[in-house]
Every structure is written in C-alpha cells, then in structure tokens.
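A short worksheet on the structure shown next.
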Amino acid sequence: MISNHLSMIEALRPASDELAAQVAEFVAAGGEIEQAPAYNYKPKPITCSNQMPPAPKPFVRRRVEAAPPLKADPIDPRADRRARQAEQAKALAATHTQTEACFALGMTSKTVKALAKDFGFTFKRSTHGGYNGPERKQEIAERDAKFAERIKEFKSRGVSRRAVCGKLAISNRTLDRILAEHRIDYPKACLGRPSCAA
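Numbering (our numbering) for the sequence shown: -19 to 178.
Pasting the structure below:
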C-alpha cells in the first residue's frame, strides 16, 4: 500500500494484518490463488464502405426576369407641411423676433430655429435688451475699464498674465480682449526672462 498519509496507513494496519493472516491460512489449507489473464480491450474493426458520394445536382440556369419599374416617390406629407411652416415663418421673419414668431405661429422655439437654419432666413433682432442689449454692453465696458486699470497696476508690479487672470477671475481670452481694446502691452512669460518688463 503506497500512501503519503501515514496516519491512514497506521489506522488500516490491523485490517491489513487480518487479511494477510486469512490468505496465509487459506494457502496453508491447500487452497490456490488463481491469477486471471490480463484484460485487453479490442476495438471493433473499422469497416469501410465502397459507396461513392452522391452525384452533384446538375446546374440549372434560372431565367432572369426584368425588374418591375420603380414606382414614383409618393408625396411626402411631412415635407410638404414643413415647407408650408417655413413659408409662414419666413413671412414673419422680417418684422418679428424669433420669440414673437413662435407665439404667432404656435410653434416651439426649437422648431422655428430649425426652420430658419434649414431654409436660410433670419429673424429680426431683439431691441429690448437681453444678452446684446445696450445696458449690458455699457456694464461690460465699465467693468473692462476697471479691469484695465487693475491690469496696468499688476503689470507695474511684475505679476504674470496667468496670475492676473486668477486675481481678476477672468479667462485668458477675456484678458486678451481687454488688452487689445485698451492697447496695453502685456508680454507673455518665456523661459529665461521675467513675466513683464516693469
């Protein structure tokens, strides 16, 4: 018995000794232990049939019929409706703003904007203020004038452009616009020289 579990070998030793004693007693009483011949597996012989594969089917050329003529495109009701909406919106575009046209036509602003883009017309600009109103433009001009004074002060102190953007809480593009409008020469920082010549 070959095992690497020595405790199991020791546990089964009494049964092994008892079996060995019974075999010895059987042989001493004149018994013989027969040894059977080895069992050999014999696979079934491979039988090959001389049957030929089935003959291929003969090729039959099918008659090609002429394709039926294409039907004319049916009238697209959606495109017609959109074209009518575009005509209505274009008629109002010269005298109405986009918002006024939306209310007059009963369409959403997205639809009106898409019609203007697809059919190539623009609406009248709003005159009552908004993002490009005169009040906002005046506020921006006053704010930029204050920023220009502070930028000149930062330049005299030798502060870099990046630090100026951070202190004024503006973007680099806004800084460039203010510098161009107020004709301030504020050089960019380069390796080997200070940020600005104060």
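Idealized CB from N, CA, C, for every residue including glycine.
Where does the unbroken alpha helix (DSSP H) through residue i begin, and where does it stop?
i      : result
M(-12) : L(-14) to A8
T79    : Q78 to L85
N152   : N152 to E161
F99    : S89 to F99
P57    : P57 to A73
Do you know how far the Cα of residue j is from the Cα of residue i?
i    : j    : result
I164 : E119 : 21 Å
C145 : D60  : 53 Å
D98  : A125 : 41 Å
A143 : A160 : 18 Å
L72  : I55  : 27 Å
A169 : G86  : 56 Å
P114 : E122 : 12 Å
So what's residue i in DSSP terms, helix, strand or just coil?
i    : result
C170 : strand
E122 : helix
A178 : A caution first: A178 carries a pLDDT of 47, below 50, which makes its placement in the model unreliable, though a value can still be read off. Of the three classes helix, strand and coil, the one that applies to A178 here is coil, per DSSP.
L148 : helix
A143 : helix
P114 : helix
With a 10 Å radius around its C-beta and 16 neighbouring C-beta atoms as the bar for buried, classify residue i as buried or exposed.
i    : result
K24  : exposed
V44  : exposed
C179 : Absent from the structure is residue 179, since the part of the chain shown begins at -19 and ends at 178.
A178 : Low per-residue confidence applies at A178: pLDDT is 47, beneath 50, and the placement is therefore not dependable, though the value from the model is reported in the following sentence. The residue in question, A178, is exposed, as its Cβ has fewer than 16 Cβ neighbours within 10 Å.
A1   : exposed
F134 : buried
Hey, residue i and residue j: beta-carbon distance below 8 Å or not?
i    : j    : result
R141 : Y166 : yes
K90  : Q78  : no
L148 : R130 : yes
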